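Below is one structure, written out as structure tokens; comments come after it.
Residue numbers (this note's numbering): 346 to 490.
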């Protein structure tokens, strides 16, 4: 009889131990999955402004505005591309990753040669953020003299 009680107690102890070990293993797997699915965090971009008005320009005038931003995320921010659909608007940006907390800039050159009247131009950025694209907008009123 004592032997049966001992075996029963041993089975209970083993059963409880196995349950605790498997739950610890499950928690370890969960934390591993989290770190693998998001190892570097998320980059976020925050601009001072995404719109600039150059005001009135004389036709042929070239002007530049610098858009400033900060990486407010917890991973390196990468500008993969920056482009405009018009050859008169040219973005210039750093190809290097911007670390979390660091600031960067994108210079946008607008060449008013051959333009007249109110001009709205957009520079599109391709980013490694949740929002894959971001637009920067400029405006100018070009006068012909």
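Glycine included, every Cβ here is placed at the ideal spot set by N, Cα and C.
Just so it is clear, the structure is predicted and the values come from calculations on it, not from any experiment.
Classified as buried, residue 457 has 16 or more neighbouring CB atoms from the shown chains inside 10 Å of its CB.
For residue 460, the number of other beta carbons within 10 angstroms of its own is at least 16, and it is reported as buried. By the criterion of a C-beta distance shorter than 7 Å, residue 391 is surrounded in its chain by 414, 415 and 417, once the five residues flanking it on both sides are discounted.
The Cβ-Cβ distance between residue 486 and residue 400 falls below 8 Å. Bounds of the beta strand (DSSP E) holding residue 454 are 448-456. A Cβ-Cβ contact shorter than 8 Å links residue 421 with residue 388. As a beta-bridge residue in DSSP terms, residue 469 pairs with 428 and 480.
Using a 10 angstroms sphere on the CB of residue 489, the tally of other CB atoms stays under 16, which defines it as exposed. A direct Cα-Cα distance of roughly 5 Å separates residue 470 from residue 479.
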